[in-house]
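K.L.:
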Amino acid sequence: MSDSEKRVVRDNDVVSMEYTLKVDGEVVDSSEGHGPIKYIQGQHNIIPGLEKEIYGMAVGDEKTVEVSPAEGYGEEDPNAFVEVPKSEFPPEIPLEVGTPLQLRDNSGQVFDAYIAEVRDDTVVLNFNHPLAGKTLVFDVKVVGIREATPEEIEHGHVHE
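Numbers in this note's numbering are just positions in the sequence shown, counted from 1, shifted up by 3.
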């Protein structure tokens, strides 16, 4: 393949990508030490704002991508905060801001939340994604591109 025919990312390609995610200038996630992530382009395996910026990149290409909340984890929903009496928490759960929790409703559905505020008699839980309302800054590098297999496309994820 000549340089003018260099393979670039398009729908249904398996993309291997190294990344670092920063929020407010602080690193909150990175592929460093874990190896690149692999996903199928166009299958909504990664957040929309990042996925659309990867189209057309080739192996070795690097860029910084800024993703707005609307194209990331959404805006923070003020209705996703719930105040719960402290007495409903088992003693082994640390009542500290930022503590992640998994809660189950009466039908067995699991919800992720984290402690947003600790008051005198209550705890305020936030059911928003921790990165909701945040502008995300990704430093990305494409390190591999291949065509997804028909089975991977059908299943919607990469098989190793």
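In this text, a Cβ means the ideal position worked out from N, Cα and C, and glycines have one as well.
Measure the beta-carbon distance from F92 to V126 and round it to whole angstroms, keeping in mind my assumption that it falls under 8 Å.
P.N.:
Residue mapping note: residue 92 aligns to position 89 of the sequence shown, counting from 1. Residue mapping note: residue 126 aligns to position 123 of the sequence shown, counting from 1. Confirmed, about 7 Å.
K.L.:
Whose CA, out of V145, G28, E154, lies closest to the CA of P39?
P.N.:
Position 36 of the sequence shown, counting from 1, holds the residue named residue 39. Among V145, G28, E154, the Cα nearest to that of P39 belongs to V145.
K.L.:
Select from V143, H162, A151, T152 the residue whose C-alpha is nearest the C-alpha of G56.
P.N.:
Numbered from its first residue, the sequence shown carries residue 56 at position 53. Note that residue 56 is Glu in the sequence shown here, rather than Gly. Nearest of V143, H162, A151, T152 to E56, Cα basis: V143.
K.L.:
Should K137 go down as buried or exposed, given a rule of 16 or more other Cβ atoms within 10 Å for buried?
P.N.:
One-based indexing of the sequence shown puts residue 137 at position 134. Looking at its Cβ environment, which holds 16 or more other Cβ atoms inside 10 Å, K137 is buried.
K.L.:
What is the DSSP secondary structure of A151, reduced to helix, strand or coil?
P.N.:
Reading the sequence shown from its first residue, position 148 is the one you call residue 151. Reduced to three states, the DSSP call for A151 is coil.
K.L.:
For H162, which residues from the same chain have a beta carbon less than 8 Å from its beta carbon, with the 5 sequence-adjacent residues on both sides left out?
P.N.:
What you label residue 162 is simply residue 159 of the sequence shown in a count that begins at 1. So the list reads T152, E154, E155, once near-sequence residues are dropped.
K.L.:
Within the continuous beta strand (DSSP E) that includes P133, where are the two ends?
P.N.:
One-based indexing of the sequence shown puts residue 133 at position 130. Segment: none, P133 is in no beta strand (DSSP E) and carries neither H nor E.
K.L.:
Of all the options V31, Y58, G52, which has the alpha carbon lying nearest to the alpha carbon of D14?
P.N.:
Looking up residue 14 in the sequence shown gives position 11. Ranking V31, Y58, G52 by Cα distance to D14 puts Y58 first.
K.L.:
Looking at the unbroken beta strand (DSSP E) that takes in P97, where does it start and where does it end?
P.N.:
Position 94 of the sequence shown holds residue 97. Counting along the chain, P97 falls outside any beta strand (DSSP E), and DSSP gives it neither H nor E.
K.L.:
Can you tell me whether DSSP reads V72 as helix, strand or coil?
P.N.:
Within the sequence shown, the letter at position 69 stands for residue 72. It is Pro, not Val, that sits at residue 72 in the sequence shown. If DSSP states are grouped into helix, strand and coil, P72 belongs with the helices.
K.L.:
Pull up the distance between the alpha-carbon of A131 and that of Y76, whole angstroms please.
P.N.:
Indexing the sequence shown from 1 puts residue 131 at position 128. Indexing the sequence shown from 1 puts residue 76 at position 73. In the sequence under discussion, the amino acid at residue 131 is Asn, which differs from the Ala named in the question. About 9 Å.
K.L.:
Do you know offhand how far P103's Cα is from S110's?
P.N.:
Here residue 103 is taken as the residue at index 100 of the sequence shown, counted from 1. Here residue 110 is taken as the residue at index 107 of the sequence shown, counted from 1. Cα-Cα distance, rounded: 21 Å.
K.L.:
Can you say whether N82 is buried or exposed, counting buried as having 16 or more other CB atoms within 10 angstroms of its CB?
P.N.:
One-based indexing of the sequence shown puts residue 82 at position 79. Classification of N82: exposed, given that the 10 Å Cβ count is below 16.
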